[in-house]
Structure formats: structure tokens, C-alpha cells
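Novice: One structure is given below, represented as C-alpha cells, and several questions about it will come after.
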Amino acid sequence: MTAVDRALLDLAVDLARQAGALTLEWFRSDRLGVEHKGDGTPVTVADRAAERFLRDELARHLPDDAVVGEEEADTAGSSGRTWIIDPIDGTKAFTHGVPLYCNLLAMEDEHGPAIGVINLPGLGETVYAGRGLGCFCNGDPARVSTTTALDQAYVSTCAWDDW
Numbered sequence: 212m213t214a215v216d217r218a219l220l221d222l223a224v225d226l227a228r229q230a231g232a233l234t235l236e237w238f239r240s241d242r243l244g245v246e247h248k249g250d251g252t253p254v255t256v257a258d259r260a261a262e263r264f265l266r267d268e269l270a271r272h273l274p275d276d277a278v279v280g281e282e283e284a285d286t287a288g289s290s291g292r293t294w295i296i297d298p299i300d301g302t303k304a305f306t307h308g309v310p311l312y313c314n315l316l317a318m319e320d321e322h323g324p325a326i327g328v329i330n331l332p333g334l335g336e337t338v339y340a341g342r343g344l345g346c347f348c349n350g351d352p353a354r355v356s357t358t359t360a361l362d363q364a365y366v367s368t369c370a371w372d373d374w
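Residue numbers for the sequence shown follow our numbering, so the first one is 212 and each next one is one higher.
Given below as C-alpha cells:
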């Protein structure tokens, strides 16, 4: 397994946190500008601003990387790396003032998935991993649950369509 460069993981975490801070400027405000996309899902000015921020920063730091996002057209690259952006995963929760939304930023390269960042700005939590580097929650190594009995496990969801 080829480990990803730690500097790329650190950059991704930093950018996701900055995008999250940006979304908090609109959280629970009356300036959301909610619209609905062709598939009926909501999109807000915060979604668009966070994606634009991430695209601009990725282009500044890594101009040869490709970018795929939810709100804008794909950007081609020549480096072999592709960044995947979901500026606000959980836009419906976001529009209702529920802090259970996140900013998602991931990167894949010629070896497959390399970086994943889940930033929950409303909760002040960031979970991230880099291939060959491990998985972390707010800087601390994440650990796998020792629970082995299903009736002792805990699963949480907030989407009705999961029922």
C-alpha cells in the first residue's frame, strides 16, 4: 500500500475546516437563499460558497489536480489526483438549523481512495483519514469498537428514507 503524503492530508483537513467555518456564517440565518435542484434536493448560498472556496484553494495549492463537486462542473487535471467535494452533506438539516451536517472532502489517486475528511462544523468535530496514515478524530487516533454483539451496538441516522 502506498501511503499518501501527510502534507496533503493536513491541507485537506485545513480546507474542510475553513469551508465549515464559512458555512457557519449562514447557519440558522434568514439569508440561506434556498433553491431546489432538478432532482428536488435543496441547495443554498452556503453550499455554493463553500464549494467555490474549496475549488479556489485547491486550484491555488494544487493547480494540476482534477476536482469533482456537487454544485459546479468538473475541472480536469493532469496530476493523477482527483478531489471530490460535497460542500454541505445534509443540506436539508442545515436549512432547518440542525447541526448534523458536514463538509466532505476526499481525494483519490492512481492507487485509489487516498484521503477522506468529514468536518462537522456545527459540532466542532473533524474525522479524517489518509491511506497508510490512519484515521483520526480531532487529531486523536480513531479506534474500532470492541462491541461484538449486535444488540449491544449503536447506529444513528437522521434521514427518514433510511427507515
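Ideal Cβ placement from N, Cα and C applies to all residues, glycine included.
What's the gap between the Cα of tyrosine 365 and the Cα of leucine 219?
Specialist: Taking the first residue of the sequence shown as position 1, residue 365 is located at position 154. Taking the first residue of the sequence shown as position 1, residue 219 is located at position 8. Taking the straight line from one Cα to the other gives about 33 Å.
Novice: If the criterion is Cβ atoms closer than 8 Å, does the pair alanine 262 and proline 298 meet it?
Specialist: Looking up residue 262 in the sequence shown gives position 51. Looking up residue 298 in the sequence shown gives position 87. Contrary to the premise, residue 262 reads as glutamate rather than alanine in this sequence. Contact flag set, yes.
Novice: Can methionine 318 and alanine 223 be called in contact, C-beta distance under 8 Å?
Specialist: Walking along the sequence shown from the start, residue 318 turns up at place 107. Walking along the sequence shown from the start, residue 223 turns up at place 12. Yes, they are a contact pair.
Novice: Under 8 Å between the Cβ atoms of aspartate 300 and glycine 288?
Specialist: Indexing the sequence shown from 1 puts residue 300 at position 89. Indexing the sequence shown from 1 puts residue 288 at position 77. Taking 8 Å as the Cβ cut-off, aspartate 300 and glycine 288 do not qualify as a contacting pair.
Novice: Quick check on histidine 272: does DSSP put it in helix, strand or coil?
Specialist: The residue you call residue 272 lines up with position 61 of the sequence shown. Here histidine 272 sits in helix by DSSP.
Novice: Can you have a look at leucine 235 and say buried or exposed, based on whether 16 or more other CB atoms are within 10 angstroms of its CB?
Specialist: Numbered from its first residue, the sequence shown carries residue 235 at position 24. Flag for leucine 235 reads exposed.
Novice: If you draw a straight line from the alpha carbon of serine 290 to that of valine 355, how long is it in whole angstroms?
Specialist: Your numbering for residue 290 matches position 79 in the sequence shown. Your numbering for residue 355 matches position 144 in the sequence shown. Going by the C-alpha atoms only, they are around 34 Å apart.
Novice: Apart from the five residues just before and just after glutamate 268, which ones in its own chain have a Cβ nearer than 8 Å to its Cβ?
Specialist: Position 57 of the sequence shown, counting from 1, holds the residue named residue 268. Only Leu226 and Gln229 meet the Cβ criterion.
Novice: Could you tell me which of Val245, His247, Val215 and Asp258 sits nearest to leucine 315, measuring between CA atoms?
Specialist: For this step, residue 315 is matched to residue 104 along the sequence shown. Among Val245, His247, Val215 and Asp258, the Cα nearest to that of leucine 315 is on Asp258.
Novice: Could you pull out every residue in the same chain whose Cβ sits closer than 7 Å to the Cβ of histidine 247, ignoring the five residues on either side in sequence?
Specialist: Position 36 of the sequence shown, counting from 1, holds the residue named residue 247. Taken in chain order, the residues that qualify are Pro253.
Novice: Would you mind stating whether glycine 343 and alanine 214 have Cβ atoms separated by less than 8 Å?
Specialist: Against the sequence shown, residue 343 aligns to sequence position 132. Against the sequence shown, residue 214 aligns to sequence position 3. Cβ distance < 8 Å, so glycine 343 and alanine 214 count as in contact.
Novice: Could you tell me the alpha carbon to alpha carbon distance between isoleucine 295 and valine 278, rounded to whole angstroms?
Specialist: Numbered from its first residue, the sequence shown carries residue 295 at position 84. Numbered from its first residue, the sequence shown carries residue 278 at position 67. Answer to the nearest angstrom: the Cα atoms are 6 Å apart.
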